[in-house]
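The end of the sequence shown is residue 495 by the numbering used here, with every number in the run present.
Ideal Cβ positions, reconstructed from N, Cα and C, are used throughout, including at glycine.
Here's the structure, in structure tokens; my notes come after.
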Amino acid sequence: MAATVQRNRPGRNFHPGRRATSVNLQSVSTVFRKELLDTLRDRRTLISSILLPILLFPLLFLGFGTLGFMIMTRIGQEKLVAGIRGAEHAPTLAAQLRAHPELETVAADEDFRAAILAKRLRAVVEFPSGFEEHLRARPDASQSVLLYYNSSDQRSDEAADDIEETLARFGAELVQQRLATQGLPEGIGEPFRIAKQNVATAERVGGNILGLLLPYFIIALCLTGAMYPAMDVTAGEKERGTIETVLASPVRRTDLVLGKFLLVSLVAAVTTALAIASFSLTATLGAGLLARVSDRLVLALSAKAAAAVFFMVLPLAVTFAAGLMAVALLARNYREAQTYLGPLLFVVILPAVASMLPGIELTPKLALVPVLNVALVAKEIFVGNYPWKLIGIIFGSTCVYAALALWAAVRQFHREEVLFRS
Numbered sequence: 074m075a076a077t078v079q080r081n082r083p084g085r086n087f088h089p090g091r092r093a094t095s096v097n098l099q100s101v102s103t104v105f106r107k108e109l110l111d112t113l114r115d116r117r118t119l120i121s122s123i124l125l126p127i128l129l130f131p132l133l134f135l136g137f138g139t140l141g142f143m144i145m146t147r148i149g150q151e152k153l154v155a156g157i158r159g160a161e162h163a164p165t166l167a168a169q170l171r172a173h174p175e176l177e178t179v180a181a182d183e184d185f186r187a188a189i190l191a192k193r194l195r196a197v198v199e200f201p202s203g204f205e206e207h208l209r210a211r212p213d214a215s216q217s218v219l220l221y222y223n224s225s226d227q228r229s230d231e232a233a234d235d236i237e238e239t240l241a242r243f244g245a246e247l248v249q250q251r252l253a254t255q256g257l258p259e260g261i262g263e264p265f266r267i268a269k270q271n272v273a274t275a276e277r278v279g280g281n282i283l284g285l286l287l288p289y290f291i292i293a294l295c296l297t298g299a300m301y302p303a304m305d306v307t308a309g310e311k312e313r314g315t316i317e318t319v320l321a322s323p324v325r326r327t328d329l330v331l332g333k334f335l336l337v338s339l340v341a342a343v344t345t346a347l348a349i350a351s352f353s354l355t356a357t358l359g360a361g362l363l364a365r366v367s368d369r370l371v372l373a374l375s376a377k378a379a380a381a382v383f384f385m386v387l388p389l390a391v392t393f394a395a396g397l398m399a400v401a402l403l404a405r406n407y408r409e410a411q412t413y414l415g416p417l418l419f420v421v422i423l424p425a426v427a428s429m430l431p432g433i434e435l436t437p438k439l440a441l442v443p444v445l446n447v448a449l450v451a452k453e454i455f456v457g458n459y460p461w462k463l464i465g466i467i468f469g470s471t472c473v474y475a476a477l478a479l480w481a482a483v484r485q486f487h488r489e490e491v492l493f494r495s
């Protein structure tokens, strides 16, 4: 009896001309569970997607928070060194400057400009010859006092402000003395005063600071969280030589893509959720240390704000998952995939960085710009604003981008020249 030889044939959807018209949820679930088990065994994915978002904010808060507290403490104890030129021409003013609690005054020599640039002096005030004598002898004449400082040095700015405040107070006292001498009411020299009232709460001030940095970190972590599993389920399969085996299975390619896509999307979403939760917990535990630095701001993330930000980042995570898979599938191995995705990382992060620039606010037009729109709406949410119309535009447009990215990924898996590129 002759032996029967049975050849293994590829799955029904192996041929490039045939595409699935429906989705087999059981096949998608099987692929998803298989990829999930592989991902849980991958150390790189666990570090970038689980460990990094959990530890990043505590380390940043502990490191920069402690450093900031030490710097603020040192600054509070350190006096600003200011130079005085022509002190003999303004003895009263020079005495007031010497009595200033935050200034340490010294005599400035001819090379004071270099001393300011070298930060040996923070600022220098120069009084003209006969300054106070002219003030008393000629009350109708105005004189100029030169104040030198370095605008690129924050401490120099502070010293200049202290000196200017002292000079302004002396000038106001002089005006009041002249009015009293003439028998005029004191209010004539100052018809009104400006009383500034800050309507922003400490939470809102803290939210404004969060809006500058936190959206960038969340988006960056979401992207990096999706990157490693996206490379592993595409270029990693090619490098291990298992792509042919997977394609030869009875699973349709569309189901295969969806299973892998759901895994990458899940990892990106988990990374985002862990990042938000990690920051919320870190801010809560570090509130005491922050209060010692300043009582005028509170870095806290409410449950409502955290949920809203996650809700807005979620379709972006889906977009990242599909887009990264589509690009990584072009690579022949893991290293080549990293080469492709490196520049893409820069392109994606750039809009998130642009959201930090002053003057860039959320508008209907910017609500359509990928990544930038999510970063800008996160800034609004952190300060307590919920522009629902723009939120709807952003969520809808990001879902459209996610659908386009998923379509591109599915299309890539149906291209033989991409799958079997050598």
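**Asked** Taking 8 Å as the CB-CB limit, is A427 close to chain B?
**Response** Among the chains in the structure shown there is no chain B, since it carries only a single protein chain.
**Request:** Could you tell me which residues DSSP puts in a beta bridge with A181?
**Result:** The residue given as residue 181 occupies position 108 in the sequence shown. Answer by DSSP bridge pairing: none, since A181 is not bridged.
**Asked** By Cβ distance, which residues of its chain are closer than 6 Å to G309, with the 5 residues on each side in sequence left out?
**Response** Taking the first residue of the sequence shown as 1, we reach residue 309 at position 236. Excluding residues within five positions, the ones whose Cβ falls inside 6 Å are Y407.
**Asked** Could you check where the alpha helix (DSSP H) with R158 kicks off and where it finishes?
**Response** Stepping through the sequence shown from its first residue, residue 158 is reached at position 85. Where R158 is concerned, there is no enclosing alpha helix (DSSP H), although the beta strand (DSSP E) it sits in stretches over L153 to R158.
**Prompt:** Buried or exposed: where does D235 fall if 16 or more other Cβ atoms within 10 Å of its Cβ makes it buried?
**Reply:** For this step, residue 235 is matched to residue 162 along the sequence shown. Buried, by the Cβ-count rule.
**Request:** Report the rounded CA-to-CA distance for L128 versus G298, giving the unit in angstroms.
**Result:** What you label residue 128 is simply residue 55 of the sequence shown in a count that begins at 1. What you label residue 298 is simply residue 225 of the sequence shown in a count that begins at 1. The C-alpha of L128 lies about 14 Å from the C-alpha of G298.
**Item:** Which listed residue (Q99, I157 and I291) has its alpha carbon closest to that of L125
**Value:** In the sequence shown, the residue the question calls residue 125 occupies position 52. Closest by alpha carbon: I291.
**Asked** Counting along the chain, where does the beta strand (DSSP E) carrying Y459 start and finish?
**Response** Within the sequence shown, the letter at position 386 stands for residue 459. Note, Y459: premise wrong, no beta strand (DSSP E); not H, not E.
**Request:** Determine the extent of the beta strand (DSSP E) in which L220 is found, giving its start and end residues.
**Result:** Numbered from 1 along the sequence shown, position 147 holds the residue referred to as residue 220. Its beta strand (DSSP E) spans residues L219 to Y222.
**Request:** Indicate the three-state DSSP secondary structure (helix, strand or coil) for V197 in the structure shown.
**Result:** Locating residue 197 in the sequence shown gives position 124, where the first residue counts as 1. Reduced to three states, the DSSP call for V197 is strand.
**Message:** Using only the alpha-carbon positions, how far apart do L403 and A303 sit?
**Reply:** Counting from 1 along the sequence shown, the entry for residue 403 is found at position 330. Counting from 1 along the sequence shown, the entry for residue 303 is found at position 230. Distance between the alpha carbons of L403 and A303 is about 12 Å.
**Prompt:** Where does T112 sit, in a helix, a strand or coil, going by DSSP?
**Reply:** Your numbering for residue 112 matches position 39 in the sequence shown. T112: helix per DSSP, three-state reduction.
**Item:** Whole-angstrom C-beta distance between P288 and A451, which should lie under 8 Å
**Value:** Sequence index remark: in the sequence shown, residue 451 carries index 378 (1-based). Sequence index remark: in the sequence shown, residue 288 carries index 215 (1-based). Indeed they touch by this definition, with Cβ atoms about 4 Å apart.
**Request:** Compare the beta carbon distance of A172 and I157 with 8 Å and say whether it is the shorter of the two.
**Result:** The residue labelled residue 172 in the question sits at position 99 within the sequence shown. The residue labelled residue 157 in the question sits at position 84 within the sequence shown. No, Cβ-Cβ distance for A172 and I157 is not below 8 Å.
**Message:** Assuming I261 is part of the alpha helix (DSSP H), what are its boundary residues?
**Reply:** By one-based count along the sequence shown, residue 261 stands at place 188. I261 -> no alpha helix (DSSP H), and no H or E assigned at all.
**Request:** Name the residue from P416, L477, E489 and V456 whose alpha carbon lies nearest to the alpha carbon of T274.
**Result:** If you number the sequence shown from 1, residue 274 lands on position 201. The residue with the shortest Cα to Cα distance from T274 is V456.
**Unbroken alpha helix (DSSP H) run spanning V382, endpoints** = Numbered from 1 along the sequence shown, position 309 holds the residue referred to as residue 382. Element bounds for V382: A376 to A401.
**Message:** Going by DSSP in three states, L176 sits in which element: helix, strand or coil?
**Reply:** Along the sequence shown, one-based indexing puts residue 176 at 103. Reduced to three states, the DSSP call for L176 is strand.
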